[in-house]
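According to numbering that gives the first Met the number 0, the first sequence holds residues 0 to 593 in order.
Each remark here refers to the structure printed beneath this line.
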Amino acid sequence: MDIQGVLTTKVKEAVNSIFHIKLESVEFQPTRKDFEGDITVVIFPLLKVIKGNPQVIGEQIGDYLVENVEEINRFNVIKGFLNLVIDDSFYINFFNSIKSDESYGLLTPDPKSKAIMVEYSSPNTNKPLHLGHIRNNLLGYSVSEILKAAGRKVYKTQIINDRGIHICKSMVAYQKFGKGETPELAGIKGDKLVGNYYVKFDKTYKSEIETLVAEGIEKKEAEQSAPILLEAQEMLRKWEAGDEEVVSLWKTMNQWVYDGFETTYKNLGVDFDYLYYESNTYLLGKDVVAEGLKRGVFIQKDDGSVWCDLTDEGLDEKIVLRSDGTAVYMTQDIGTAIQRVKDHPDVGGMVYTVGNEQDYHFKVLFLILKKLGYDWADNLYHLSYGMVDLPSGKMKSREGTVVDADDLMLEMTQTAREISEELGKLEGYTKTEKKELHKMIGLGALKYYILKVDPKKRILFNPEESVDFAGNTGPFIQYTYARIQSILRKADFDYSTIISAEGYQLHQKEKELLKQVQLFPEVIQNAAENYSPAFIANYTYDLTKEFNSFYQSIPILGVEDNIQKIFRVQLSKKVGDVIALSFRFLGIEVPERM
RNA sequence: GGUCGCGUAGCUCAGCUGGAUAGAGCAUCUGCCUUCUAAGCAGACGGUCCCACGUUCGAAUCGUGGCGCGAUCACCA
Numbered sequence: 000m001d002i003q004g005v006l007t008t009k010v011k012e013a014v015n016s017i018f019h020i021k022l023e024s025v026e027f028q029p030t031r032k033d034f035e036g037d038i039t040v041v042i043f044p045l046l047k048v049i050k051g052n053p054q055v056i057g058e059q060i061g062d063y064l065v066e067n068v069e070e071i072n073r074f075n076v077i078k079g080f081l082n083l084v085i086d087d088s089f090y091i092n093f094f095n096s097i098k099s100d101e102s103y104g105l106l107t108p109d110p111k112s113k114a115i116m117v118e119y120s121s122p123n124t125n126k127p128l129h130l131g132h133i134r135n136n137l138l139g140y141s142v143s144e145i146l147k148a149a150g151r152k153v154y155k156t157q158i159i160n161d162r163g164i165h166i167c168k169s170m171v172a173y174q175k176f177g178k179g180e181t182p183e184l185a186g187i188k189g190d191k192l193v194g195n196y197y198v199k200f201d202k203t204y205k206s207e208i209e210t211l212v213a214e215g216i217e218k219k220e221a222e223q224s225a226p227i228l229l230e231a232q233e234m235l236r237k238w239e240a241g242d243e244e245v246v247s248l249w250k251t252m253n254q255w256v257y258d259g260f261e262t263t264y265k266n267l268g269v270d271f272d273y274l275y276y277e278s279n280t281y282l283l284g285k286d287v288v289a290e291g292l293k294r295g296v297f298i299q300k301d302d303g304s305v306w307c308d309l310t311d312e313g314l315d316e317k318i319v320l321r322s323d324g325t326a327v328y329m330t331q332d333i334g335t336a337i338q339r340v341k342d343h344p345d346v347g348g349m350v351y352t353v354g355n356e357q358d359y360h361f362k363v364l365f366l367i368l369k370k371l372g373y374d375w376a377d378n379l380y381h382l383s384y385g386m387v388d389l390p391s392g393k394m395k396s397r398e399g400t401v402v403d404a405d406d407l408m409l410e411m412t413q414t415a416r417e418i419s420e421e422l423g424k425l426e427g428y429t430k431t432e433k434k435e436l437h438k439m440i441g442l443g444a445l446k447y448y449i450l451k452v453d454p455k456k457r458i459l460f461n462p463e464e465s466v467d468f469a470g471n472t473g474p475f476i477q478y479t480y481a482r483i484q485s486i487l488r489k490a491d492f493d494y495s496t497i498i499s500a501e502g503y504q505l506h507q508k509e510k511e512l513l514k515q516v517q518l519f520p521e522v523i524q525n526a527a528e529n530y531s532p533a534f535i536a537n538y539t540y541d542l543t544k545e546f547n548s549f550y551q552s553i554p555i556l557g558v559e560d561n562i563q564k565i566f567r568v569q570l571s572k573k574v575g576d577v578i579a580l581s582f583r584f585l586g587i588e589v590p591e592r593m
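Pasting the structure below:
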């Protein structure tokens, strides 16, 4: 069925029979729209082994192919390009083979193959989620779905950074100013409440520094000796010592945050299979480091600190344990990775969705795990993505210059409602249905906006200019899907008949659409190999554009010929299916109407 | 300074395992709703693909050297 495979063989055969030369490979590309043809053989590379004029060589191969390959009708040669015209029957047969296949494009997982664990989100528990987390979440979730579609077994996970000085800051501020406030009493989400105290801490801290400086103390000194900071440090010591009061407050406030996060995740449509808490895993890496030291993977310095020498790899030495024996960030990540494989022995690789400011950290982490000799260490991937910046610069929670995740989702939904109401196409929909639809569209716009760009690229997000709903956007694709569903609702006849390739002549628009549908499985594989939802987004856009052109150029339900009508409805349905599937990989829902 | 990433139309981005005249959307301007949803379609306008050199029949794509932007080079996480 794979035309390229067939052609490769046949072109080799042709070259062998005409020139008596064995070819290694043949280069194909889709024919440019300005020329007649569907697939093109590039002749230039052949000139290295075949002496002669590319025009003549092309024609000779073309003649042979028309003679010997059933699917090829005719050809033309322009410069060094051999354009082949494929017979309609090939496309129709292809379509018949996939039209009822609901898992078209998907690979079923090999039960023996190893699972892959995808980590994403991994927030601190002292402030609400913001736009940066949204990018992280969408990427991690989407890549998980894409990997599944490509036949991988996937576990979604996150590590929750629930310990450390940053948590204590919120806790201290709450103790000082909280007066027993709770999310219920304040009527706000728990993560927002805790976030407020984090900001409050920072304000107090800054004013204390000012006071100290006014009293004539050096700024650096003041920064280190501000009373509220000392209190936070004291609290961290108490926490590590298991102080009951502190631990109890920690538990209460963390729970508020988890509840708040849960709401945000639910709205965003992401979820996790397994959770890891830093408070449970931060000590794990120490044993591994001790063992690695024994085996000579690490070296110990005079002060007792332990290091990994990576100078052979062109990097520096990296600390894995402090001189006082406590764990650093790296220690914890080593431990967590190993723990995950212990918990889930079928895991054979991991994907870490973390911003690109940590490129170096993960490079080192992966090297260390490899040095420690874990076989899965070859299958680690850092899904590194660029920051989301505002026109005013970086987002900083402490300074309140963030785009809050909940607020943004709400705004997108409201914009969707305004547009939708203006167009007024939802007659007969209940309030609830409309509300759901507006959310679907608003989030569709947001998710597509973020996922369509290459993860590596930095995104500049301007809250003043709202995310578009027209053009290359989520709603555009959702709209096309709704159009297709409308056609299917109106097609009140049996369109399940298989259209015979015999005697059916494809309209140009039908053919272009079929070619686009044909690309789908390959796109999924590419997206999975590159860990890039952007591949899926861009493909879906191309497919959608092609469909809209088809839709506006030729009648579907209105066409005279019954066979044509059935075929076009079938084709429309298939395009709708592919759109829905693609969007599912992006975590975007598609509407019946809009 | 070393390392990594990015640099394509006024703006946002595709294209990057080398191929024909570099593609979309937004914005600006023209047409198209008494036929299947106009959140649409068709068209116009808009380009030193950051610069230079090199490899090649052929370079936005590969290599080297620059320039610009960002990140990173903590006994912070």
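Glycine included, every Cβ here is placed at the ideal spot set by N, Cα and C.
- In the three-state DSSP reduction, Pro29 falls in the strand class (E or B).
- According to DSSP, residue pairing for His129 in a beta bridge involves Asp403.
- In the three-state DSSP reduction, Asn461 falls in the coil class, being neither helix nor strand.
- Rounded to whole angstroms, the separation of the alpha carbons of Ile145 and Asn529 is 10 Å.
- Residue state for Asn355 is assigned as helix, using DSSP reduced to three classes.
- For His381, the uninterrupted beta strand (DSSP E) segment begins and ends at 379-384.
- For Gln157, the uninterrupted beta strand (DSSP E) segment begins and ends at 152-159.
- Residue state for Tyr428 is assigned as coil, using DSSP reduced to three classes.
- Three or more beta-carbon pairs separated by less than 8 Å link the segment 252-265 to the segment 121-130, which places the two stretches in contact.
- If the five residues before and after Ala526 are omitted, its C-beta is found closer than 6 Å to the C-beta atoms of Ile145, Phe534, Ile535, all from its own chain and listed in chain order.
- Beta-bridge partners of Met349 (DSSP): Met116, Leu379.
- Around the C-beta of Ala213, fewer than 16 other C-beta atoms lie within 10 Å, and the residue is accordingly described as exposed.
- A direct Cα-to-Cα measurement between Ser304 and Ile216 gives close to 33 Å.
- For the options Lys199, Glu222, Phe200, the alpha carbon positioned closest to that of Thr210 is the one of Glu222.
- Lys451 is not a Cβ neighbour of Thr412, given a cutoff of 8 Å.
- Our two residues, Gly313 and Val319, have alpha carbons roughly 18 Å apart in a direct line.
- It is roughly 9 Å from the alpha-carbon of Lys113 to the alpha-carbon of Pro344.
- If you ignore the 5 residues before and after Ile497, its C-beta comes within less than 6 Å of the C-beta of Asn95, all in its own chain and listed in chain order.
- Between the segment 281-301 and the segment 362-381, the count of Cβ pairs shorter than 8 Å is three or higher; the stretches touch.
- Rounded to the nearest angstrom, the gap between the Cα atoms of Gly502 and Ser88 is 9 Å.
- The three-state reading of DSSP puts Leu81 in strand, counting E and B together.
- Nearest Cα to Gln507 within the set Ser552, Glu233, Tyr478, Gly473: Ser552.
- Counting C-beta pairs closer than 8 Å gives three or more between the segment 322-342 and the segment 279-295, which meets the contact rule.
- Listed as beta-bridge partners of Trp306 by DSSP are Ile298, Ile318.
- Of the candidates Leu267, Glu290, Thr325, the residue whose Cα lies closest to the Cα of Leu585 is Leu267.
- Leu292 sits in a helix when the DSSP states are folded into three classes.
- Comparing C-alpha distances from Asp62 to each of Glu69, Asn52, Arg73, Tyr480 shows the shortest one belongs to Arg73.
- The C-beta distance from Gly575 to Tyr480 rounds to 6 Å, short enough to meet the 8 Å contact threshold.
- When Cβ pairs closer than 8 Å are counted between the two stretches, the segment 42-56 is seen to touch the segment 14-31, the count reaching three or more.
- Val269 is not a Cβ neighbour of Asn160, given a cutoff of 8 Å.
- With at least 16 other beta carbons inside 10 angstroms of its own, Ile60 counts as buried.
- In the three-state reduction of the DSSP assignment, Gly392 falls in the strand class, which pools E and B.
- Scanning its chain for C-beta atoms nearer than 6 Å, with the 5 sequence neighbours on each side dropped, one finds around Gln28 the residues Thr39, in chain order.
- Between Pro474 and Ala500, the gap from beta carbon to beta carbon reaches 8 Å or more.
- The count of Cβ pairs closer than 8 Å, one atom from the segment 95-106 and one from the segment 48-60, stays below three, leaving the stretches out of contact.
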